[in-house]
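Residue numbers (full-length UniProt numbering): 1 to 301.
To keep things clear, I will list the structure first and then write my remarks on it.
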Amino acid sequence: MLNKRHLPSITALQCFEAVTRHLSFTRAAEELNLTQSAVSKQVAQLEELLQHLLFRRVRRRLQLTPAGDLYLVEVRKILTQVEMSTHTLRSYGGETEVLRVSTPSTFGARWLVPRLKGWRLRYPHIHLDLCNEQQADDLLQGRSDLAFYFGQGARPGTECLKLFGEELVAVCAPSSLPEMPYTDPTQLTELVLLQNASRPQAWHEWFENQGYRTDHSYHGPRFDTFYMCIRAAQVGCGVALLPRFLVEEELADGKLVVAWPYSMPSPDAYYLAYPEHSAGVPKVQAFVAWIMAQLNDPQTL
1 MLNKRHLPSI TALQCFEAVT RHLSFTRAAE ELNLTQSAVS KQVAQLEELL QHLLFRRVRR
61 RLQLTPAGDL YLVEVRKILT QVEMSTHTLR SYGGETEVLR VSTPSTFGAR WLVPRLKGWR
121 LRYPHIHLDL CNEQQADDLL QGRSDLAFYF GQGARPGTEC LKLFGEELVA VCAPSSLPEM
181 PYTDPTQLTE LVLLQNASRP QAWHEWFENQ GYRTDHSYHG PRFDTFYMCI RAAQVGCGVA
241 LLPRFLVEEE LADGKLVVAW PYSMPSPDAY YLAYPEHSAG VPKVQAFVAW IMAQLNDPQT
301 L
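Right, dumping it as structure tokens:
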């Protein structure tokens, strides 16, 4: 645990951040409703604590030092997090509750968001806060109330509800395919294999499951999300291996076509998880019931 003498006050951080925006102690003081000397003193104490100058005067104007510029990035993160945490706690147990849900980005945009239509009317007192920045311990550390994830259905300290599996299909823009149909799936390497960073083995397994091997299964531009792979395939950058349910719209509209008639079932599945100790929390129960109802409605699948 840090010695409290090494922890700056929130006031000092606010003064420093305000001065960086105005490059003026006077204008920062006016914004914070403090005196100019109080702001100056807070910044001076911060510099003493850090043992670095944060500002220097050049031709009677303030400028951030390299140390100040580096510190500013972290200070803004801290102040933003404190503000968000404060808003969350203010709503806790009141008329409006915040429900924090983390989700893989493309899954959230393509599958989850369309299924939230009507949520606000049904649960006007539960405000959804969706985030696609996921860490393995988000639930246990309290950063999220629920999390959608792809993988195996076992996470310590959590309840995991299986939603559905997936099958991967190779898709590309119609214009990317040659006039003569392919007779061998390895011929797809002529189109450039678009790689997804979260599934580095996907192409290798897709070929292997059909009894084929190629030296090019790991070659090709790598994208961080399925959404970027979808867009890259759609504009003709190559062929992408994607979960079919994420590209149903493009396949139906003809913006993408199946490049080779083989679907590879995945051994993993999509899950909805929440901490074991939250099982009885009404807002968590409401969201789980909503999602399971969506799964049971054939019109939403």
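Glycine residues also receive a C-beta, built at the ideal position from the N, C-alpha and C atoms.
Quick caveat: nothing in here was measured; it's all calculated off a predicted structure.
- The stretch 237 to 246 and the stretch 123 to 132 do not touch, with fewer than three beta-carbon pairs separated by less than 8 Å.
- Under the three-state reduction of DSSP, Q45 is assigned to helix.
- For the pair of segments examined, the stretch 137 to 150 was found not to touch the stretch 214 to 229: the number of CB pairs separated by less than 8 Å stays below three.
- Burial check for Q285: the Cβ neighbour count within 10 Å stays below 16, so the residue is exposed.
- Collapsing the DSSP output to three states places Y227 in a helix.
- If you check the CB distance, T106 and F226 come in under 7 Å.
- Distances from the alpha-carbon of P265 to those of Y149, A170, T65 put A170 closest.
- The DSSP-derived three-state label of V258 is strand.
- Counting along the chain, no alpha helix (DSSP H) covers N196; the unbroken beta strand (DSSP E) around it starts and ends at 193 to 196.
- Residue nearest to P156 within the set Q141, E167, L70, F164 is Q141 (criterion: CA-CA distance).
- Contact between D145 and V101 holds, since their C-beta atoms are separated by about 7 Å, short of 8 Å.
- Counting along the chain, C172 sits inside the beta strand (DSSP E) bounded by residues 167 to 172.
- Assignment of M180 by DSSP, reduced to helix, strand and coil, places it in the coil class.
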